[in-house]
Amino acid sequence: MATSMTIESWEDQSFAQRAISYAVFLLPIIYLFFGIDQYALLNENEGRYAEIAREMLASGNFIIPHLNGLPYLEKPPLLYYLTTLSFSLFGVNDIAARLVPISASLLAVGTLAWFGRAVGRPLAGLIAAFVLGSSLGFVLLGNVQMTDSLYNALWSSALLVAYVGLTRPSSKLMAISYALLALAVLAKGLVTLVLFYMVLFPLAWLSRDVTPSQWLKRLFAPWPIVVFAVIAVPWHIAAALSLKEFSWFYFINEHVYRFTGQRMPKDYYAGGTPLFYVPRLIFLFFPWSIIMLIALIKRQITIDQTDRRLTWFAWLLAGIPTAFFAISSSKADYYVMVALPGIALVLAQSLARNWQRSQTFILSSIILCVFGAAFGAWQSWIFAPEGLSSFMPWQLLPSSPVALAWSVLGGAAALLFWLKRPLFAWLAIGLMFLPLKITLVDALQAKEPHVSAQNLAGYIKRHHSTVPVMLYRDYELLSSLPFHLEQTIPVVDSVSPDLWFGQQLGTVPSQFPLSTDLIQSNRGFLLVVPDRRLQEMAASPLAPKLSLVTQIGDARLYRFTP
């Protein structure tokens with residue numbers, strides 16, 4: 001790999017040397033694709049978003065997304081559009097659903113590498129791409145069928161392309177940037193615009209070769225804004241015309257009230273200290289977060305005096321979304337995933353500057369070795385920080401193999417730095433996620449009936465394919481069941497926050513039957529009850545007429561006999 005950050009030294013590299021450099025992309029590709037066919041779509045997020053796409057494909061309604069037959073407007077439709085496209089090409093299945101976040105994650109990695117070359121820092125770009133593509137949270141969320149990986153890729157790519165377009169300048173690149181920005185809006189919402197301008201606006205006063213007015217004139221050039229409007233605006237207009245309740249729920253409830261903590265339904269965590277995301281970022285960026293913390297302590301992360309604007313851009317790319325979501329009342333562990341490309345770029349600039357002084361990272365590797373072993377052993381649900389259990393089933397992971405692998409890799413990295421082999425040393429650190437990924441896939445396979453409803457759906461299809469099926473109380477706990485059954489399912493005595501908006505509309509009352517009404521029914525049906533609702537079900541008027549059919553995972557299947 002090149003030993004300098006300059007584009008000139010990169011151009012002097014042989015084809016073989018460049019090929020070795022680009023081989024850094026193999027590890028992120030392996031991480032993202034490994035094991036995606038080994039376990040079914042998970043309940044909660046994956047089941048929800050995949051089912052919306054399945055219903056969109058089946059109904060042909062591409063304006064108003066529907067979940068379980070009801071309007072669902074918490075997110076714009078781009079994820080569903082891309083997933084329906086994947087379903088059309090590869091069939092309605094779990095792998096096709098996961099191809100969208102995986103492809104988006106590869107876009108984020110590739111754009112970072114392109115950005116480094118575009119700004120004359122090819123080594124820093126490759127390092128940033130490798131660091132991002134081998135960080136724990138980035139890969140974990142890149143395997144999950146949800147909006148955040150797609151949004152992260154589009155938002156960060158829009159900013160990276162915009163920076164190059166503003167500094168060259170290039171109207172073509174600015175048009176591409178605004179097209180990516182429009183797609184990011186269609187992936188996550190209007191918060192995208194706020195964060196985009198919060199990053200680029202301050203740079204107008206950090207440029208020595210261009211005045212603030214020139215910078216802002218390029219940023220707000222009319223042609224790229226037209227491109228943005230052509231892509232982003234039509235769906236919003238069509239949705240508002242199709243459903244009168246759209247404007248309030250989407251613009252006010254999902255944007256303004258989500259930020260202020262007044263959003264309905266209140267199915268999210270609100271509050272927390274301004275430091276809420278610090279431990280989350282350490283987790284999401286592991287193992288590179290440890291390298292970065294040590295580099296900060298050793299003052300290796302500094303302003304690059306040869307290009308102050310580029311350094312500040314990287315810091316803003318990382319800091320603005322972190323600060324924004326820290327201030328917001330509504331919080332989720334993965335919201336700050338969008339900061340990871342910026343953090344990777346900040347760290348990459350430091351590592352590229354210190355590439356030849358590889359022995360300075362020996363202590364970092366030793367600390368990472370010790371920390372990795374402790375982190376691998378730290379598997380208990382009780383001792384995991386509150387909220388981090390949403391990323392992986394910590395209590396399922398056997399600690400010893402992971403801890404041993406991390407210790408060996410950390411020690412190998414220290415030895416390779418001592419031998420002045422930085423490329424292989426950083427590869428060893430990048431490999432630290434591999435044993436965890438293997439173990440996690442094995443754990444999800446072993447516990448699949450507890451984290452996915454695929455087995456339950458298969459049982460119902462084989463033995464009770466003609467009998468109506470209903471869920472009791474919670475849609476979210478078994479959200480992958482409708483997807484695997486390929487049908488919408490009524491929810492008895494619903495308390496489901498995901499279906500709250502559709503329930504308020506009252507357009508499909510048959511989707512929300514009450515126990516008091518069903519008891520009068522003269523037809524039989526199957527009732528799926530999550531284990532955590534067994535006590536409530538026992539007190540339901542339906543209980544005397546229910547007989548247990550089977551138990552699979554954390555749910556029980558009952559037959560209602562009139």
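Count the sequence shown with UniProt numbering and you get residues 1 to 562, in order. Don't be surprised by glycine CBs; every beta carbon is placed ideally from N, CA and C. Keep in mind that this is a model prediction, so the values were computed, not measured.
- Sequence-distant residues of its chain with Cβ nearer than 7 Å to P321 (five each side left out): Position 321 of the sequence shown, counted from the first residue, corresponds to residue 321. So the qualifying residues of the chain are L195, V336, V338, A339.
- Task: Less than 8 Å between the CB atoms is what I'm expecting for A326 and G342, so what's the real figure, rounded?
- Result: Walking along the sequence shown from the start, residue 326 turns up at place 326. Walking along the sequence shown from the start, residue 342 turns up at place 342. So it is not a contact: roughly 15 Å between Cβ atoms.
- Task: Leaving aside the five residues before and after T182 along the sequence, list all residues of the same chain whose C-beta is less than 6 Å from its C-beta, in chain order.
- Result: Looking up residue 182 in the sequence shown gives position 182. The displayed chain sequence assigns Ala, not Thr, to residue 182. Contacts found: F228, I231, A232.
- Message: Relative to the C-alpha of L440, which candidate in K172, I36, S480, I552 has its C-alpha closest?
- Response: The residue labelled residue 440 in the question sits at position 440 within the sequence shown. With distances taken between Cα atoms, L440 lies closest to I36.
- Report, in whole angstroms, the separation of the C-beta atoms of R309 and S207, which I expect to be a contact under 8 Å. As a working mapping, residue 309 is identified with position 309 in the sequence shown. As a working mapping, residue 207 is identified with position 207 in the sequence shown. 5 Å between Cβ atoms; contact.
- Message: For Y22, count the other beta carbons within 10 Å of its own beta carbon; 16 or more makes it buried, fewer makes it exposed. Which is it?
- Response: Locating residue 22 in the sequence shown gives position 22, where the first residue counts as 1. Burial call: exposed.
- Query: Who does T550 pair with in a DSSP beta bridge?
  - Reply: Translated into positions along the sequence shown, residue 550 becomes position 550. Per DSSP, L557.
- A128 and G116: beta carbons closer than 8 Å? Here residue 128 refers to the residue found at position 128 of the sequence shown. Here residue 116 refers to the residue found at position 116 of the sequence shown. Taking 8 Å as the Cβ cut-off, A128 and G116 qualify as a contacting pair.
- Three-state secondary structure (DSSP) at P287? For this step, residue 287 is matched to residue 287 along the sequence shown. Reduced to three states, the DSSP call for P287 is coil.
- Cβ-Cβ separation, A239 to S171 (assumed contact under 8 Å), whole Å: Position 171 of the sequence shown, counting from 1, holds the residue named residue 171. Position 239 of the sequence shown, counting from 1, holds the residue named residue 239. About 31 Å; that fails the 8 Å criterion.
- Task: Indicate the three-state DSSP secondary structure (helix, strand or coil) for P530 in the structure shown.
- Result: Walking along the sequence shown from the start, residue 530 turns up at place 530. Strand, per DSSP.
- Message: Let me make sure I understand the geometry here. Which of I52, A104, R523 has the alpha-carbon closest to that of K545?
- Response: As a first step, residue 545 must be located in the sequence shown, where it is residue number 545. Nearest of I52, A104, R523 to K545, Cα basis: R523.
- Do the CB positions of R473 and R533 come within less than 8 Å of each other? What you label residue 473 is simply residue 473 of the sequence shown in a count that begins at 1. What you label residue 533 is simply residue 533 of the sequence shown in a count that begins at 1. Cβ atoms of R473 and R533: closer than 8 Å.
- Message: Between the alpha carbons of Q395 and P401, how many angstroms are there, rounded?
- Response: Locating residue 395 in the sequence shown gives position 395, counting from the first residue. Locating residue 401 in the sequence shown gives position 401, counting from the first residue. Caution applies to Q395, whose pLDDT of 47 falls short of 50 and renders its modelled position unreliable; the value that the coordinates give is listed next. Their backbone Cα atoms lie some 14 Å apart in a straight line.
- Euclidean distance between Cα positions of Y250 and L477: Locating residue 250 in the sequence shown gives position 250, where the first residue counts as 1. Locating residue 477 in the sequence shown gives position 477, where the first residue counts as 1. The alpha-carbon atoms of Y250 and L477 are separated by roughly 24 Å.
- Pick out the complete beta strand (DSSP E) segments inside the stretch 405 to 487, 3 residues or longer, and give them in chain order. The stretch 405 to 487 contains these whole beta strand (DSSP E) runs: 469 to 472.
- Message: Within 10 Å of its beta-carbon, does K188 have 16 or more other beta-carbons around it, so buried, or fewer, so exposed?
- Response: Numbered from its first residue, the sequence shown carries residue 188 at position 188. Classified as buried, K188 has 16 or more neighbouring CB atoms from the shown chains inside 10 Å of its CB.
- Message: Give the list of continuous beta strand (DSSP E) stretches no shorter than 3 residues that lie fully inside the UniProt domain "Glycosyltransferase RgtA/B/C/D-like" (75 to 234).
- Response: Listed in chain order, nothing qualifies, since the UniProt domain "Glycosyltransferase RgtA/B/C/D-like" (75 to 234) has no complete beta strand (DSSP E) run of 3 or more residues.
- Would you say the beta carbon of F361 comes nearer than 7 Å to a heavy atom of the ligand ZN? Because no ligand of any kind appears in the structure shown, any question about the ligand ZN cannot be addressed here.
- Query: Quick one: complete alpha helix (DSSP H) runs, 4+ long, within the stretch 339 to 369?
  - Reply: Counting only unbroken stretches of 4 or more residues, the alpha helix (DSSP H) elements lying wholly within the stretch 339 to 369 are 340 to 353, in sequence order.
- Message: I need the boundaries of the alpha helix (DSSP H) containing D517, first residue and last residue.
- Response: Translated into positions along the sequence shown, residue 517 becomes position 517. Counting along the chain, the alpha helix (DSSP H) containing D517 begins and ends at 515 to 518.
- Message: Going by beta-carbon coordinates alone, are S149 and Y31 separated by less than 8 Å?
- Response: The residue given as residue 149 occupies position 149 in the sequence shown. The residue given as residue 31 occupies position 31 in the sequence shown. Against a cut-off of 8 Å, the Cβ pair of Y31 and S149 comes out as no contact.
- When you compare only the Cα positions, how much space is there between I382 and L141? Counting from 1 along the sequence shown, the entry for residue 382 is found at position 382. Counting from 1 along the sequence shown, the entry for residue 141 is found at position 141. Caution applies to I382, whose pLDDT of 38 falls short of 50 and renders its modelled position unreliable; the value that the coordinates give is listed next. So the alpha carbons of these two residues sit roughly 23 Å apart.
- Query: Alpha carbon to alpha carbon, how far is D517 from V92?
  - Reply: Numbered from its first residue, the sequence shown carries residue 517 at position 517. Numbered from its first residue, the sequence shown carries residue 92 at position 92. Cα to Cα, the separation comes out at about 35 Å.
- Would a C-beta distance cut-off of 8 Å place A97 and Q145 closer than the cut-off? What you label residue 97 is simply residue 97 of the sequence shown in a count that begins at 1. What you label residue 145 is simply residue 145 of the sequence shown in a count that begins at 1. Against a cut-off of 8 Å, the Cβ pair of Q145 and A97 comes out as a contact.
- DSSP three-state assignment for K298, whether helix, strand or coil: Taking the sequence shown and counting its residues from 1, the one referred to as residue 298 is at position 298. In this structure, DSSP gives K298 a state outside helix and strand, which the three-state scheme calls coil.
- Can you give the Cα-Cα distance for A124 and A40, rounded to whole angstroms? The sequence position of residue 124 within the sequence shown is 124, counting from 1. The sequence position of residue 40 within the sequence shown is 40, counting from 1. Distance between the alpha carbons of A124 and A40 is about 37 Å.
- Determine the DSSP secondary structure at P562, reduced to helix, strand or coil. Translated into the one-based positions of the sequence shown, residue 562 becomes position 562. In the structure shown, P562 sits in coil (DSSP, three-state: anything other than H, G, I, E or B).
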